[in-house]
Amino acid sequence: MDIRVTPFDHPDAVKLMDEVQQEYVVRYGEPDMTTMRAEEFTPPGGLFLVGYLDGVPVATGAWRAHDGPEPDFRPGDVELKRMYVAESARGRGFARAMLAELERTAVAAGRRRAVLETGIRQPEAIALYRSCGYTDIPKFGYYRNHAESVCLARKLVSRPTG
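In this text, residue positions in the sequence shown follow the UniProt record's numbering: the first is 1, and each later residue adds one.
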């Protein structure tokens, strides 16, 4: 998979975000209501990535910087958003590769911790994050009072390349 920095409003990004929103409708009965603005995912304060397989967009992932206020966010945090792999490309390690690239780029931007919100009806996402060292934190954001919400975090560290 070829992972590229892509504008939030690029047609390939929009197509995949529409797909993930449909996934949320199937799993939860409604799309994700979290507010997101294109400028939040523009460097240096954020980043939006699209993964391509043979030139076809199959995966997305993004982060946006947060520097407080606590208790929700700490200085140096990034919030991961829109992690998604198209159904046709699942089971091939692309989500793990996207997560690794999000973490790498966040560290390169000087960020220190990744936080995210997901839901109990996404067990494969929870399993991925936990297998990568993410642990439970207090709920935050739009879904802080939803029983189906799960919030996770992991300290970001530089990883050797090669």
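Ideal placement from N, C-alpha and C gives every residue a C-beta, glycine not left out.
Nothing here was measured: the structure is a model prediction, and the numbers come from that model.
query	result
C-alpha distance - Gly119 paired with Thr35, whole-angstrom precision	17 Å
Beta strand (DSSP E) runs contained entirely in the segment 75-110, provided each spans 3 or more residues	77-85
Rounded C-alpha distance that separates Arg104 from Gly45	15 Å
Minimum C-alpha distance to Pro7 - residue among Val25, Glu39, Gln21, Glu30	Glu39
Per DSSP, cross-strand counterpart(s) of Ala59	Gly51, Val85
Buried or exposed by the 16-neighbour rule on C-beta atoms within 10 Å, applied to Val85	buried
Cβ-based neighbour list, Ile126, same chain, cut-off 7 Å, excluding 5 preceding and 5 following	Thr118, Val150
Coil, strand or helix - Ser158 by DSSP	coil
Host beta strand (DSSP E) of Ala114 (start-end)	113-119
Member of Glu148, Arg144, Val26, Leu156 whose CA lies at the smallest distance from the CA of Gly133	Leu156
Beta-carbon proximity of Ile3 to Glu101, cut-off 8 Å	yes
Residue from Trp63, Tyr52, Arg82 with nearest C-alpha to Leu108	What sits at residue 108 in the sequence shown is Ala, not Leu. Ala108 has its Cα closest to that of Trp63, out of Trp63, Tyr52, Arg82.
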